[in-house]
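Count along the sequence shown from 1, then add 52; that gives the number in the numbering used here. For each residue, glycine too, the CB sits at the ideal point set by N, CA and C.
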Amino acid sequence: VRPTPRGLVQAPPAHTTTTTMVLAVVLVAAAAAAAAARAAEPARPTLPDAFFLHGVWRVPYANLSIPISAWQSTSTGQQRIAYYGDVVSIVDPTAPVVAEIVPAVDNIVCFATNDTRGAGMVPLVPTVDDAWQYKGKGAVTGTVADKWQLVLNDKAAGNFGTYTLYVSARGVPLRLEAFGTSIVFGSHPDVYVFDYYGVAKANVSDAFATPNACRDGGGSGGPTTATATATTATAA
């Protein structure tokens, strides 16, 4: 073995130089890919403060489909949800009133109270915060959509599952798929699908008026009743 002359630096072996160059190329490529992914990630979808929503909530295993219409004013905490058209839930802390209006045999029955403590809006469309991750593109009934996904694993609190929200290029929710407990209505683990047929900014100020069926009984918790004919005009 020839000694290295004093004062000279021995060149590294060729294979070491090659390995270093390959590693540098890999790191540069990884950084470029990460930057491209960040650039391709769309803005997180947000909802207008006041909006109207209609769609269908489905539980495929039970062959259950529930048409839903909803009016919401997020800043005031007001929400009205109509299931099947006739079953109505109203939360209005400005009144205050919490009401459930359901059809009976030949009349409309209302369970109402002025105590809004503990009452809150149903999260019909989840808030896509930092816990949600962008998962690229998907499709909903032929429409290309951005996919946002949330994974929960808090079994002690009863919140676990994988949730995927599909959003159009304009930021409009198209579908929410849940494999686990329901983050909308709360329920046992299952497969849930919420197809949003329309979510749009709207003037909803008139949607929270207390129906006639709830105006008798003083808001004591009900039930109060009114004839179906008398309440039809206030169901819209």
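Which one of Pro241, Gly232, Leu204 and Asp198 has the shortest CA to CA distance from Arg222?
Asp198
Buried or exposed for Leu116, please, with buried defined as at least 16 other CB atoms from any protein chain shown within 10 angstroms of its CB.
exposed
What do you get for Val180, buried or exposed, if any count of 16 or more other CB atoms within 10 angstroms of its CB means buried?
buried
Closest to Thr214 by C-alpha separation, out of Gly188, Pro241 and Thr195, would be which residue?
Pro241
Judging by CA-CA distance, which residue of Val236, Leu217 and Ser239 is the nearest neighbour of Glu229?
When only C-alpha atoms are compared, the closest one is Leu217.
When burial is assigned at 16 or more other CB atoms within 10 Å of the CB, is Ser127 buried or exposed?
With fewer than 16 Cβ atoms within 10 Å of its Cβ, Ser127 is classed as exposed.
Sort Pro112, Leu176, Pro175 and Pro225 by Cα distance to Tyr249 and report the nearest one.
Pro225
Considering Cα atoms alone, identify which of Gly137, Arg96, Phe104 and Glu93 is closest to Val251.
Phe104
Secondary structure at Ala183, three-state DSSP: helix, strand or coil?
coil
Residues in its own chain within less than 6 Å of Thr168 by CB, not counting five upstream and five downstream?
Contacts found: Pro145, Pro148 and Val150.
Quick check on Pro112: does DSSP put it in helix, strand or coil?
In the three-state DSSP reduction, Pro112 falls in the helix class (H, G or I).
Taking only the alpha-carbon atoms, compute the straight-line gap between Trp200 and Gly190 and give it to the nearest angstrom.
Taking the straight line from one Cα to the other gives about 10 Å.
Do you know offhand how far Pro178's Cα is from Trp109's?
14 Å
Looking at Ser234: is its Cβ nearer than 9 Å to the Cβ of Tyr244?
yes
Excluding the 5 residues preceding and the 5 following Gly129 in the sequence, name in chain order all residues of the same chain whose CB lies nearer than 6 Å to its CB.
Excluding positions up to five away in sequence, the list reads Pro145.
Quick one: measure Cβ to Cβ for Leu176 and Val236, integer angstroms, because I've assumed they're closer than 8 Å.
Between Val236 and Leu176 the Cβ distance is about 6 Å, and since that is below 8 Å, they are a contact.
Assuming Leu217 is part of the beta strand (DSSP E), what are its boundary residues?
Asn211 to Val219
What are the start and end residues of the beta strand (DSSP E) that includes Thr195?
Thr195 to Asp206
May I ask which residues mark the beginning and end of the beta strand (DSSP E) holding Asp247?
Asp242 to Lys253
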